[in-house]
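First comes the structure, then the notes that go with it.
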Amino acid sequence: MSRYVIIFSKTGYAKYTSHLDINRLFRRSIRKQGIKLAYSQGFNPHPKMSFGQPLSLGYTGLREILEIETLENYQPWYLKDKLREVMPEGIDIIDVKYLEDDVKSLAAICDYAVYEVVFPENITNVENYLAQDKIIALKKSKKSKELKEVDIKDKIRELVYNNNIMTITLDQGSISNLSPELLISTFLTFSDMKVSRSDIEVTRTKIGFKDFEI
46 MSRYVIIFSK
56 TGYAKYTSHL
66 DINRLFRRSI
76 RKQGIKLAYS
86 QGFNPHPKMS
96 FGQPLSLGYT
106 GLREILEIET
116 LENYQPWYLK
126 DKLREVMPEG
136 IDIIDVKYLE
146 DDVKSLAAIC
156 DYAVYEVVFP
166 ENITNVENYL
176 AQDKIIALKK
186 SKKSKELKEV
196 DIKDKIRELV
206 YNNNIMTITL
216 DQGSISNLSP
226 ELLISTFLTF
236 SDMKVSRSDI
246 EVTRTKIGFK
256 DFEI
């Protein structure tokens, strides 16, 4: 068996394709091109493929990550060419690389992500926003589904801005995770910006992993 990491982009109208549909797209494309995926054992086997971190609906992704395991060994360039043949507009296979056996699941070691947030007008008051002792957001509890107040400040690793563009590095993974939506909503409220969320564009430019670089 061989493990690979597939690096792809999701742009244009493809950003409105759900994560579930992207999963189905890759499963169908891999099967259509005769690439033999490995499957888990047990009563309900499933293909060994997982995304580094799901991308929210409506977000553009420039370097998204998909990990797969195959029954046969393929050259990375072969997988790249075969998948490119069947990808729809907006989904581009940037690269395919071998993934060594000693590397843990990429979904398990996902650590952070970098986003570019483009507002329809210049932004100000960023320093005061970050200078708060706490940045309180309302987050829905997974169990109770109730909205609870959470402090998101320690999950913001870096925030820089220029005119109407904000570049943010956030915790992203199974241990600590912050959605850009919480930062955007708290910033709009703090700055009293009368901006519609639909006028704000979000692009994920990088996914980072613990002790591993892609």
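Numbering (this note's numbering), first residue to last: 46 to 259.
Yeah, the Cβ is synthetic: ideal placement off N, Cα and C, and Gly gets one too.
query, result
"Nonlocal neighbours in the same chain, by C-beta distance under 8 Å from Asn-209, ignoring five residues either side", "Val-163, Phe-164, Pro-165, Glu-166, Asn-167, Ile-168"
"At least 3 beta-carbon pairs within less than 8 Å: the stretch 222-236 vs the stretch 194-208", "yes"
"For Lys-185, the three-state DSSP class (helix, strand or coil)", "strand"
"Beta-carbon spacing of Gly-218, Asp-156 below 7 Å", "yes"
"Residues bridged to Ala-158 (per DSSP)", "Leu-215, Ile-252"
"Helix, strand or coil at Val-171 [DSSP, three-state]", "helix"
"Three or more C-beta pairs below 8 Å linking the stretch 177-193 and the stretch 245-252", "no"
"Reference Ala-59, options Leu-116, Phe-232, Gln-86, Leu-107, closest by Cα", "Leu-107"
"Option in Lys-77, Lys-193, Ser-95 with minimal Cα separation from Asn-68", "Ser-95"
"Nearest neighbour of Ala-158, chosen from Ile-259, Asp-216, Lys-187, Arg-48 [CA to CA]", "Asp-216"
"Bridge-paired residues (DSSP) for Gly-266", "Residue 266 cannot be examined here, being either before or after the span of the chain that is shown, 46 to 259."
"Expected contact under 8 Å - CB spacing of Arg-48 and Glu-114 to nearest Å", "5 Å"
"Neighbour-count burial assignment, Met-211, 16 or more Cβ in a 10 Å radius", "buried"
"Nearest neighbour of Gln-98, chosen from His-64, Asn-170, Thr-214, Tyr-119 [CA to CA]", "His-64"
"Proximity winner among Thr-62, Leu-233, Ile-136, Pro-92, relative to Met-46 (alpha-carbon distances)", "Pro-92"
"Reduced DSSP secondary structure (H/G/I, E/B, other) of Thr-231", "helix"
"Contact under 7 Å by Cβ, Val-50 with Lys-142", "yes"
"Gly-164 in three-state terms, based on DSSP", "Here the sequence assigns Phe to residue 164, which means Gly is not the residue at that position. Three-state result, Phe-164: coil."
"Lys-77, DSSP secondary structure in three states", "helix"
"Selected residue, minimal CA-CA separation from Asp-196, among Gln-177, Thr-214, Phe-88", "Gln-177"
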